[in-house]
Amino acid sequence: MDLIRVRHSLHEIPEIGFKEFKTQSYIMSLLDRLDVPYEKVSDTGILARWKKSDGPFTLFRADMDALPVFEETGVEFKSKHEGFMHACGHDVHMTILIGLIERVVVANLKRNLLFLFQPAEEGGGGAERCMPALEQYDIKEAWALHVNDEFPEGTVYSRPGVLFASAFEMDCTFTGRSAHVAFYKKGRDAIEGAMDFLQRVYSAERGDSVLRFGLIEGGRVRNVVADSCTLYGTVRTRAYELSEKAICELEELGRDVASSRGLEFKQKIGSKYPQVQVDKDLYEKLCGLVDVNPVEMKYVGEDFGVIALKYPSVLFWLGTGREERHGLHNSKFLPQDSVIEKGIEIFWKVASN
-13 MDLIRVRHSL
-3 HEIPEIGFKE
7 FKTQSYIMSL
17 LDRLDVPYEK
27 VSDTGILARW
37 KKSDGPFTLF
47 RADMDALPVF
57 EETGVEFKSK
67 HEGFMHACGH
77 DVHMTILIGL
87 IERVVVANLK
97 RNLLFLFQPA
107 EEGGGGAERC
117 MPALEQYDIK
127 EAWALHVNDE
137 FPEGTVYSRP
147 GVLFASAFEM
157 DCTFTGRSAH
167 VAFYKKGRDA
177 IEGAMDFLQR
187 VYSAERGDSV
197 LRFGLIEGGR
207 VRNVVADSCT
217 LYGTVRTRAY
227 ELSEKAICEL
237 EELGRDVASS
247 RGLEFKQKIG
257 SKYPQVQVDK
267 DLYEKLCGLV
277 DVNPVEMKYV
287 GEDFGVIALK
297 YPSVLFWLGT
307 GREERHGLHN
317 SKFLPQDSVI
327 EKGIEIFWKV
337 ASN
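This is the structure:
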């Protein structure tokens, strides 16, 4: 199978979470060619199965979804879906998993393996929605990788314990009363309340936790006091319980600010990702198979943490960095095709040992 063509084809059809219909169809066509049985999971996901005995399964997972980013790579196989892009390398992840499946089939490997093509990693809780399908199997361990051009091409980085942070998303909305700005005292300014709230959030000491807002929407016209303002943010901590605590504190602060200004406050919680916990024994297994470099915990969110809560798991960084490095979610992020074989080789060593 021409895996470079596979990667390019996937890169051309980026789709956001739970909209991965073209991606799903393309992956299923490849599995059909390999004569590997599969089932649809979580609407747009796929769970493929390789069973050769009565024993437990090893799970390999790749995420499928893209991002709402305008691609600026300039390559011939750039996105055909304007405004959307595989800016987080999920096209590479899927290709590596297809390459692993092909190698397993060719070798007729005497192992029990599951291959999860998971939708909606970037938001929407795709892993959580795949769990009912996974729980039908006796899974002894789970594996995943993530490309990153922060690290030199072909290198592997991981650590036992917490690798990625617990990540919650929240929308904090203040509601007031509109009035013409000439008579602003008759209104209750939601933007003013939101700014007071934001200042208090950002001035608080948070230790090794991260709480930031990346989007604020408020008001409708320039000369009317805003009756609504919403702040969209995320909290990142070392543990799910700490994220929950931070969200509760945020709720209390929002209500205090709203009460002091005659406003109403409402907090809506979005995706809730647990931390990604790397199993110590499996980490040592990985170190025995390939050279693994130590790395500090990163405050990125990854819903593979849902799977890692249920099964002993390993997630590792696969370096793609060359001279020019752009970083994940950047409109110019483009791992080289050459990293695909490296990822397959690592997964193959795990699967066959």
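According to the numbering used here, the residues represented by the sequence shown are -13 to 339, in order. Even glycine gets a Cβ: it sits at the ideal position worked out from N, Cα and C.
CA-CA distance, E331 to L197, rounds to 38 Å.
Distance from the CA atom of D21 to the CA atom of F101, rounded to whole angstroms, is 14 Å. Relative to the Cα of F199, the nearest Cα in the group Y218, Y269, G205, D213 belongs to Y218. In the three-state DSSP reduction, T141 falls in the coil class, being neither helix nor strand. Proximity to T141 across A153, S317, L131, G110 peaks at L131, based on C-alpha coordinates.
The beta carbon of F56 sits closer than 8 Å to the beta carbons of E68, G69, M71, S317 from its chain, once the five residues preceding and following it are set aside; these are given in chain order. The stretch 103 to 162 is shown to contain whole alpha helix (DSSP H) runs of 4 or more residues at 112 to 120, in chain order.
Residue burial annotation: A190 is exposed, with fewer than 16 other C-beta atoms found within 10 angstroms of its C-beta. Exclusion of the five residues before and after F319 leaves A73, H312 as the residues of its chain whose Cβ lies within less than 6 Å of its Cβ. In this structure the stretch 209 to 224 lies against the stretch 157 to 164, because at least three pairs of beta carbons, one per stretch, are closer than 8 Å.
Residue burial annotation: E310 is exposed, with fewer than 16 other C-beta atoms found within 10 angstroms of its C-beta. Shown here, K271 sits in a helix according to DSSP, grouped into three states. Assigned with DSSP and collapsed to three states, A48 falls in strand. Under the three-state reduction of DSSP, L100 is assigned to strand. Secondary structure note for C215: it is in no alpha helix (DSSP H), and the uninterrupted beta strand (DSSP E) holding it is 214 to 223. If you draw a 10 Å sphere on the C-beta of I255, you find fewer than 16 other C-beta atoms in it, and that means exposed. With respect to S229, S152 sits close: the two C-beta atoms are nearer than 7 Å. By a beta-carbon distance limit of 8 Å, D135 contacts G307. Their separation comes to about 4 Å. Three or more Cβ pairs closer than 8 Å define a contact, and the stretch 24 to 41 falls short of that threshold against the stretch 57 to 66. R208 sits in coil when the DSSP states are folded into three classes, being neither helix nor strand. At least 7 Å separates the beta-carbon of I87 from that of F154. Apart from the 5 residues on each side of it in sequence, V286 sits with its Cβ closer than 6 Å to the Cβ of F150 in its chain, given in chain order.
In the DSSP assignment, Y188 falls outside any beta strand (DSSP E) and lies within the alpha helix (DSSP H) extending over 176 to 189. CA-CA distance, K296 to K126, rounds to 10 Å.
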